[in-house]
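Asks: Here you go, one structure.
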Amino acid sequence: MPCVPPALRLTIDLDALVANWRWLAARSGAAACGAAVKADGYGVGAARVAAALARAGCRTLFVATWAEAEALLPLPHGMTLRVLHGVSEAELPFAARGGAVPVLNTPAQVARWRAAAPDRPCDLMVDTGMNRLGLAPGEIGLADGLSVEVVHSHLACADEPDHVLNARQLAAFRALDVRGARRSLANSAGICLGPDYAFDLTRPGIALYGGVQHADMAEAIRPVVGIEAQIVQLRDVPAGETIGYGATASGPMRIAVLNLGYADGYLRGFSGGAGAALVEGRPRPVVGRVSMDLTAIDATGTALREGDWVTIDFDLPRAAARSGLSQYELLTGLGARYQRAYR
Ligand SMILES: *Cc1c(COP(=O)(O)O)cnc(C)c1O
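Counting from -5, one number per residue, gives the positions in the sequence shown under the numbering used here.
Rendered as structure tokens:
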């Protein structure tokens, strides 16, 4: 264990995460509600998320690859893990041991599973119009004889409730002959499209972590992730002098220089007032350009001192709108220099 304390913290509110899951589970109606924990739980920490959700009653987790599955195993008691990208030749020896269930996406993956582990459970992903991963609807029969537990599809435009593709994909999914398997279509935003989209199992990700992808979520979904950065230096910049790379801002101004930069996923889209810290309850805008390891904020009139910690405004919908990044990018881009503090 390192003994030098980091100058950058991620605070993670697991109670808020569990509350978000319960809301999504209630909105899923009779369908079971799972949880996407790929990309290390959207940057939050997949193992901690899994443990918290297991206590809340969640039974189904999703990761992208078998490397992610291996990192997460063994699972909390009573949970199953499903691997969205199916199984490659290189992953097969590990996958065939069980421990997690592949979601098979291609005829080659189906054939591979049949040859290696025909009696072990698998899922299928069927493409209903997104044209990313999945079997064509007419290829479901290739899996006949395998123990297919869930047939999945994925929505391309669930975060746009009025998009024509939603109803079209729903109709295509309903029309599939799934031969008695359970069905799963909805991600976070899909859950908010209405009960028709829930089927037997839902697969929320971003909303668990505080992402807002539908108007109904704005009031209900609680923030989970907070950023706290330490001040390295305070500086009074006189009139006529400039601040930071590119000299894009100027004095007179008192600034606080924070231990936070684009190497931490606080990208340059927050430059020039797009981002802010919350100091004494008020937003203090980012001044000049975000650099690799440092970001300046306007500290004029504050009592901030060297070594103080400030909270970054990381409200996901607002930060996304202001930085031009998606809420997904904001979470999954958070770097390795944070100390994760769970509360
Ligand atoms: C990532 C993912 C999800 C979760 O999506 P969110 O938009 O984060 O809720 C669900 N299903 C599949 C297939 C995914 O890849």
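Beta carbons: idealized from backbone N, C-alpha and C, even for Gly.
#1: Do His146 and Ser178 have their C-beta atoms closer together than 9 Å?
#2: If you reduce the DSSP assignment to three classes, tell me which class Gly220 lands in.
#3: If you drop the 5 nearest sequence neighbours on each side, which residues of the same chain put their C-beta closer than 7 Å to that of Val219?
#4: Compare the C-alpha of Asp190 against each of Asp287, Glu143 and Ala24 and name the closest.
#5: Using the three-state DSSP reduction, which class does Phe193 fall into: helix, strand or coil?
#6: With burial defined as no fewer than 16 other Cβ atoms inside 10 Å of the residue's Cβ, what is the status of Thr289: buried or exposed?
#7: Could you give the uninterrupted runs of the beta strand (DSSP E) lying entirely in the region 88 to 147, keeping only those of 3 residues or more?
#8: What are the boundary residues of the alpha helix (DSSP H) that includes Met211?
#9: Distance check for Arg53 and Met73, CA to CA, integer angstroms please.
#10: Taking 8 Å as the cut-off, does the CB of Ile291 come closer than this to any heavy atom belonging to ligand 1?
#11: Using a Cβ-Cβ cut-off of 7 Å (strictly less than) and excluding sequence neighbours within five positions of Asn160, which residues of its own chain qualify?
#12: With a CB to CB cut of under 6 Å and the five nearest residues on each side skipped, what residues in its chain are close to Thr122?
#13: Measure how close the beta-carbons of Leu298 and Ile225 come, nearest whole angstrom, since I'm counting them as under 8 Å.
#14: Alpha carbon to alpha carbon, how far is Leu55 from Thr196?
#15: Quick one, which of Ala13, Val273 and Gly240 has its alpha-carbon nearest Gly295's?
#16: Whose C-beta lies closer than 6 Å to the C-beta of Pro217 among residues of the same chain, with five residues either side of it excluded?
#17: Using 8 Å as the threshold, is the region 61 to 77 in touch with the region 95 to 103, meaning 3 or more CB pairs across them?
#18: Compute the Euclidean distance between the alpha carbons of Trp17 and Leu11, then round it to the nearest angstrom.
#19: Roughly how many angstroms separate the alpha carbons of Arg176 and Asp292, rounded to a whole number?
#20: Ligand 1 heavy atoms versus the CB of Tyr191: any closer than 8 Å?
#21: Quick check on Ala233: does DSSP put it in helix, strand or coil?
#22: If you check the beta carbons only, do Ala214 and Pro198 fall under 9 Å apart?
#23: Can you tell which of Gly184, Gly259, Val304 and Phe193 has its C-alpha closest to the C-alpha of Ala1?
#24: How big is the Cα-Cα spacing for Leu319 and Thr59?
#25: Take the Cβ of Gln227 as the centre, count every other Cβ of all protein chains shown within 10 Å, and call the residue buried at 16 or more, exposed below.
#26: On the criterion of 16 or more Cβ atoms from any shown chain inside 10 Å, does Met247 qualify as buried, or is it exposed?
#27: Could you spell out the range, first to last residue, of the beta strand (DSSP E) harbouring Phe167?
#28: With 16 as the cutoff for other CB atoms within 10 Å, does His71 come out buried or exposed?
#29: For Ser338, which residues in the same chain have their Cβ closer than 6 Å to its Cβ, ignoring the five residues on either side in sequence?
Replies: Answer, in terms of the structure:
#1: yes
#2: Strand, per DSSP.
#3: Leu4, Ile6, Val38, Tyr203, Gly204, Phe308 and Leu325
#4: Ala24
#5: In the structure shown, the three-state DSSP call for Phe193 is coil.
#6: buried
#7: 95 to 98, 115 to 119 and 141 to 146
#8: Met211 to Ala214
#9: 4 Å
#10: no
#11: Leu149, Cys151, Ala152 and Leu187
#12: Ser147, Gln163, Ala166 and Phe167
#13: Indeed they touch by this definition, with Cβ atoms about 6 Å apart.
#14: 10 Å
#15: Val273
#16: Excluding sequence neighbours, Pro217 sits near Gly204.
#17: yes
#18: 10 Å
#19: 54 Å
#20: no
#21: Note: Ala233 maps to strand in three-state DSSP.
#22: no
#23: Val304
#24: Cα-Cα distance, rounded: 25 Å.
#25: Exposed.
#26: Buried is the call here.
#27: Looking at the DSSP string, Phe167 is not in any beta strand (DSSP E); the run it does join, the alpha helix (DSSP H), is Val158 to Arg168.
#28: exposed
#29: No information on residue 338 is available, as it lies outside the stretch -5 to 337 that the chain covers here.
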